[in-house]
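J.: Here the protein sequences line up with chains Y and R, keeping their order.
When we follow the working numbering, the leftmost residue of the first sequence carries the number 621, and every step to the right adds one.
When we follow the working numbering, the leftmost residue of the second sequence carries the number 3, and every step to the right adds one.
For glycine and all other residues, C-beta sits at the position ideal for the given N, C-alpha and C.
Sharing a structure with you now.
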Amino acid sequence: AQSVTQLGSHVSVSEGALVLLRCNYSSSVPPYLFWYVQYPNQGLQLLLKYTSAATLVKGINGFEAEFKKSETSFHLTKPSAHMSDAAEYFCAVTADTGRRALTFGSGTRLQVEP
Amino acid sequence: ETGVTQTPRHLVMGMTNKKSLKCEQHLGHNAMYWYKQSAKKPLELMFVYNFKEQTENNSVPSRFSPECPNSSHLFLHLHTLQPEDSALYLCASSETSGGKNIQYFGAGTRLSVL
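See below:
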């Protein structure tokens, strides 16, 4: 079985500040991990993915995430927040074996203050 | 352009109505998914289809009836819904061979049940 925990349902940062969104996962097999972003009234857009290659993954819009097996974490970061980054962010996990559907975290709403 | 198109974008229906949601993917994927996104709840997987065959039904009430006539089209037939079924219904597709299972989402159908 797999699960994802996103710490903090709401995160607020100032424009230009570091963005850090936390994701911890649980998986009995090597996981594949994803971050998705959802803008208002839209579907989910893939930001980045970890699929057992490099542990530091770079995605779109300047975001990156680091897979840390020892900490079972896959936190999402961006050095400098933009107003356009305000959205909801979802971490998700799946695996190469067993259940293929994604298991999502409950989401973190990012607010960017001017 | 994600390659996954959902119609309608918005739907208002009474509890005795029958309606259908449509999803079409133009990505050549073999798997399609229905998710339910309710306020303040994680995304809930409803159904999974792989090569037109249903491979997962996540204990969804029978008032939701999926149909997958081919790998490019997925429907969700709705009848005698309840107000608590009001939510954003998201469709996704993926290529499951190779194990990565990266899911691409449509923009969703916002359903309101009166």
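1. Just checking R:Pro71 against the ligand GDP - is the residue's beta carbon closer than 7 angstroms to any of the ligand's heavy atoms?
2. Helix or strand or just coil, what does DSSP make of Y:Asn681?
3. Where DSSP assigns a beta bridge to Y:Gln658, which residues make up the other side?
4. Going by CA-CA distance only, name the one from R:Tyr37, R:Ala89, R:Gly108, R:Lys24 that's closest to R:Glu58.
5. Tell me, which residues are paired with R:Arg11 by DSSP?
6. Any beta-carbon of chain Y closer than 8 angstroms to the one on R:Asn103?
7. Taking the straight line between their C-alpha atoms, what separation do you get for Y:Gln626 and R:Cys93?
8. Three or more beta-carbon pairs under 8 angstroms between the stretch 704 to 716 of chain Y and the stretch 57 to 75 of chain R, yes or no?
9. When you compare the CB of R:Tyr35 with every CB in chain Y, is at least one pair closer than 8 angstroms?
10. Could you compute how far the alpha carbon of R:Phe77 sits from the alpha carbon of Y:Val677?
11. DSSP state of R:Glu86, grouped into three classes?
12. Going along the chain, which residues of its own chain have a beta-carbon closer than 6 angstroms to the beta-carbon of R:Glu3, five neighbours each way excluded?
13. Assuming contact is defined by CB atoms lying nearer than 8 angstroms, are Y:Thr723 and Y:Leu641 in contact in what I supplied?
14. Leaving out five residues before and five after Y:Tyr737 in sequence, what residues of the same chain have Cβ atoms less than 8 angstroms from its Cβ?
15. Counting only beta-carbon separations shorter than 8 angstroms, does R:Pro44 have a partner in chain Y?
16. Is the Cβ of R:Phe107 closer than 8 angstroms to any Cβ of chain Y?
17. Verify whether the separation of the beta carbon atoms of R:Leu47 and R:Asn60 is less than 8 angstroms.
18. Once DSSP output is grouped into helix, strand and coil, what is the label at Y:Met703?
T.: Inspection of the coordinates gives the following:
1. This structure does not include the ligand GDP; it has no bound ligands of any sort.
2. helix
3. Y:Leu664, Y:Glu708
4. R:Tyr37
5. Beta-bridge pairing links R:Arg11 to no other residue.
6. yes
7. 23 angstroms
8. no
9. yes
10. 35 angstroms
11. helix
12. With a pLDDT of 49 at R:Glu3, under the threshold of 50, the modelled position of that residue is not reliable, and no figure is offered here.
13. no
14. Residue 737 of chain Y falls outside the range modelled here, since chain Y spans only 621 to 734, and no answer is possible.
15. yes
16. yes
17. yes
18. helix
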